[in-house]
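Undergrad: The structure is given below, and queries will be raised subsequently.
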Amino acid sequence: MPLLSLSKTINNYNMKLKYFKQSLFNQFLLSNLTVVLVALICYMSVNLIGYHSVALLLLATVSVLSIFFSIYPVLSAAAMSALIWDFFFIPPHFTLHVTNSEDALLLLMYFVIALTSGILTSKVRELEKLEFQKEERSLTLKLYKTLFDSISHELRTPIATIVGASDNLLQKEVKISEEDKLELVDEISVAAFRLNRLVDNLLNMQRVESGMLEIKPDWCEVNELINSPINRLKNELATHKVEINIQNDFPIIRIDFGLIEQSLFNLLHNETNYTQPDSTISINAEYDGKNLVITISDDGKGFNEDELKLLFTKFYRITSNKTGGTGLGLSIVKGFVEAHGGTVQVENNIPHGAKFTLIIPVEILLLQDYMDFSNIAVKMNAQYETLTEAYRPKQVKTLKDSQETEAVE
Amino acid sequence: MTVLIIDDEVQIRKLLEITLNNNDYHTLEASTAKEGFSTAVVHPPDLIILDLGLPDDDGQNVLRKLREWYLGAIIILSVRSTEEDIIKALDNGANDYLTKPFRTGELLARIRTALRQTQNTTTVQKLEFDNLVIDLTTRNVTVDNELIKLTATEYSLLTLLAKNDGKVLTHQYILKNIWGPGYTQQSQYLRVFVGQLRKKIEPNPNNPKFILTESGIGYRFCTKIEE
């Protein structure tokens, strides 16, 4: 799948760009320190190599620096090295004064070469950087194009249905039978809900992609979590056999109900699209001591190797699908489950079919704990009620008395 | 019965007008908050359908201002569907909410419930829902004429929900009413008790018909709306 590699390539580029991004202050410090260090080594061995070679060594240092750092730190290192060479190495030592005309020419040349090499390398690097950015932009554009192609197709199909059906209903010349009318209206309704689902998916995808997805965990019952999406898909699931198997006395768990419910909805909605009517869909839920483990499996055709690998990739749609789809549903599931620190896996079922497994780490409240609480609460409640019971008649009486007194007055 | 529709979308107003008129409600319309206020003052309606996204004022603000004097039913009809928005609207005095797109059947059912709640002030001694009967005087609860044993907390929870039949009650509201103001964040207590209560009164606790969950918001007591 090219899109998968696309996003990977983008990540690689980002990594490379980061490598160039050192803070400017650090760059100044490191480049000048390197020059000083090299100069120090040269100073100790100047008798051996002669001060002209020192110039070449320093020049080499500056050139190497220009590979790693940006232009200003390199230029400063170049200037620094020239001054050091002049001050410490060109006789007379410890002055900037140059007596020999040959040395003066050498110093000038040194300056020119150090500066040009610094500028040249940084220019090359600027170009490289631009190239990276350009490539990155075109990758992003490609991604957007795929997104818009897929979405506009997904939008236009139901819109076309609505326009066509309502045109039919509005025409005056042809008489449509009541039965056909109802069917057309039904088509409009189905198309509208398909559009709504698409908008929901887009909004959810945006939540995942923005990186701003915040989970709001709250206590909930696993029964409700499993049954809610099944109820929402009641009509679509009517032709399938649904088996639900939830571990007995399931503890109360703490998750973001909305996100996980939507994930299960997306998975089940896919099941209704990709399996034959009359196939069996099994939903299992258990607590493994640390995670909520939900599996949704069917006895359909399952997936081939490539599909299994790419199923959770954004925009990926298996080739054999009959109905439309943006290829967003499963990547939303992945995003929502991962936001909980969980994982989602897919494998082929035995003997055939597909099996999705959600593993979500959860906080739980054990049955025993809340039964204890329940007993205390009930006791307290009873005490409270006996107390109020004991006081109630008295209060009523006082009230009555005072009313009566008032009436008498 | 008069219903005031405050919504800036012409199409939605038209749809509501047709739907409501066909169900024997008289309708009034307003496209801005300002217009809505003046209409509500001049012709006080029995129920207001309010959109939260009005051009001239924030919907929650409109709701608060209306509730300063208006005692009739208010139903929120909005595309804003985050749980925070809904809870805020209910706290600000809305009787109910529906998010767009909505089913007209559902809307009509909610309207009937809201009107019944605001108009029915007579005290009842017995609440009956299909096979479930709650006798408020004897504190007896029966399912299919069989007495059900409830703890005091379960009974309070059941009656609180049943007395507000059809209305969504937020978690915080229920916790505050039954456990007290200190417990409004302890939603796990509520989950436990609702679970226990369902096991005792629901024919199928996994697919409840009396105590319905409004995910992230609260619970609604009702016999399921026919579709």
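Protein chains in written order, with this note's numbering: chain X, 1 to 409; chain B, 1001 to 1227. Where is the CB? At the ideal position from N, CA and C, for every residue including glycine.
1. Going along the stretch 245-270 of chain X in order, which residues come within less than 7 Å of chain B, judged by CB to CB distance?
2. Among the candidates X/37, X/336, X/240, whose CA atom is the shortest distance from the CA of residue 264 of chain X?
3. Going by DSSP in three states, residue 1008 of chain B sits in which element: helix, strand or coil?
4. Below 8 Å CB to CB, which residues in the same chain sit around residue 86 of chain X once its five sequence neighbours on both sides are set aside?
5. Taking C-beta pairs closer than 8 Å, name the residues in chain X that residue 1207 of chain B reaches, listed in chain order.
6. Given this structure, state the Cα-to-Cα distance separating residue 59 of chain X from residue 102 of chain X, to the nearest angstrom.
7. Could you check what DSSP says for residue 407 of chain X in three-state terms: helix, strand or coil?
8. Going along the chain, which residues of the stretch 206-224 of chain X sit with their C-beta nearer than 9 Å to a C-beta in chain B?
9. For residue 418 of chain X and residue 151 of chain X, what's the separation of their Cα atoms in angstroms?
10. Between which residues of its own chain and residue 410 of chain X is the CB-CB distance below 7 Å, once the five residues before and five after are set aside?
11. Going by the beta-carbon positions, is the gap between residue 1166 of chain B and residue 1113 of chain B smaller than 9 Å?
12. Distance, Cα to Cα, residue 1185 of chain B vs residue 1148 of chain B?
13. Do you know offhand how far residue 123 of chain X's Cα is from residue 62 of chain X's?
14. The alpha helix (DSSP H) with residue 23 of chain X in it runs from where to where?
15. So residue 196 of chain X contacts chain B; which residues on that side make the cut at Cβ distance below 8 Å?
16. Which same chain residues end up closer than 6 Å to residue 275 of chain X when comparing Cβ atoms and leaving out the 5 residues on each side of it in sequence?
17. In its own chain, which residues sit with a C-beta less than 7 Å from the C-beta of residue 1140 of chain B, not counting the 5 before and 5 after it?
18. Per DSSP, what kind of secondary structure is residue 342 of chain X in: helix, strand or coil?
19. Which residue marks the beginning of the beta strand (DSSP E) containing residue 254 of chain X, and which one marks its end?
20. Does residue 1010 of chain B have its Cβ less than 9 Å from a Cβ in chain X?
21. Could you pull out every residue in the same chain whose Cβ sits closer than 8 Å to the Cβ of residue 1072 of chain B, ignoring the five residues on either side in sequence?
22. Name, please, each residue of chain B whose Cβ falls closer than 8 Å to the Cβ of residue 192 of chain X.
23. Which same chain residues end up closer than 7 Å to residue 343 of chain X when comparing Cβ atoms and leaving out the 5 residues on each side of it in sequence?
24. Quick check: is the beta carbon of residue 393 of chain X nearer than 9 Å to any beta carbon in chain B?
25. Please determine, among X/104, X/222, X/204, X/200, the residue with the shortest C-alpha to C-alpha distance to residue 1207 of chain B.
26. Report the neighbours of residue 169 of chain X on chain B: residues whose CB is nearer than 8 Å to its CB, in chain order.
27. Below 7 Å on C-beta distance, what does residue 365 of chain X contact in chain B?
28. Does residue 1078 of chain B get closer than 9 Å to chain X when you measure Cβ to Cβ?
29. Just checking: is the beta-carbon of residue 1093 of chain B within a distance shorter than 9 Å of some beta-carbon in chain X?
TA: Working from what's here:
1. Answer set for the stretch 245-270 of chain X: 252, 257, 258, 261.
2. The residue from X/37, X/336, X/240 with its alpha-carbon nearest to that of residue 264 of chain X is X/336.
3. coil
4. 96, 98, 107
5. Neighbours of residue 1207 of chain B on chain X, chain order: 227, 231.
6. 18 Å
7. Low confidence applies here, because residue 407 of chain X scores a pLDDT of 38, under 50, leaving its location unreliable; read the following figure in that light. Reduced to three states, the DSSP call for residue 407 of chain X is helix.
8. 216, 218, 219, 220, 221, 223, 224
9. What the structure shows of chain X is the stretch from 1 to 409, and residue 418 of chain X is not part of that stretch, so it cannot be assessed.
10. A question about residue 410 of chain X goes unanswered here, because the residues of chain X that appear run from 1 up to 409.
11. yes
12. Residue 1185 of chain B and residue 1148 of chain B have their C-alpha atoms roughly 29 Å apart.
13. Within the model, the alpha-carbon separation for residue 123 of chain X versus residue 62 of chain X is close to 15 Å.
14. Unbroken run through residue 23 of chain X: none, as it is neither H nor E.
15. 1101
16. 298, 300
17. Only 1147 meet the Cβ criterion.
18. coil
19. 252-255
20. Contacts with chain X at 9 Å (Cβ-Cβ) do not include residue 1010 of chain B.
21. Its chain contains 1044, 1045, 1046, 1047, 1048, 1118 as the residues whose beta carbon lies nearer than 8 Å to that of residue 1072 of chain B, once the 5 sequence neighbours on both sides are disregarded; these appear in chain order.
22. 1101
23. 337, 359
24. The pLDDT assigned to residue 393 of chain X is 42, lower than 50, so where the model puts this residue is not dependable, and the model offers no usable value.
25. X/222
26. Correct list: empty, because the minimum Cβ distance to chain B is about 15 Å.
27. 1188
28. False, the Cβ-Cβ gap to chain X never drops below 9 Å.
29. no
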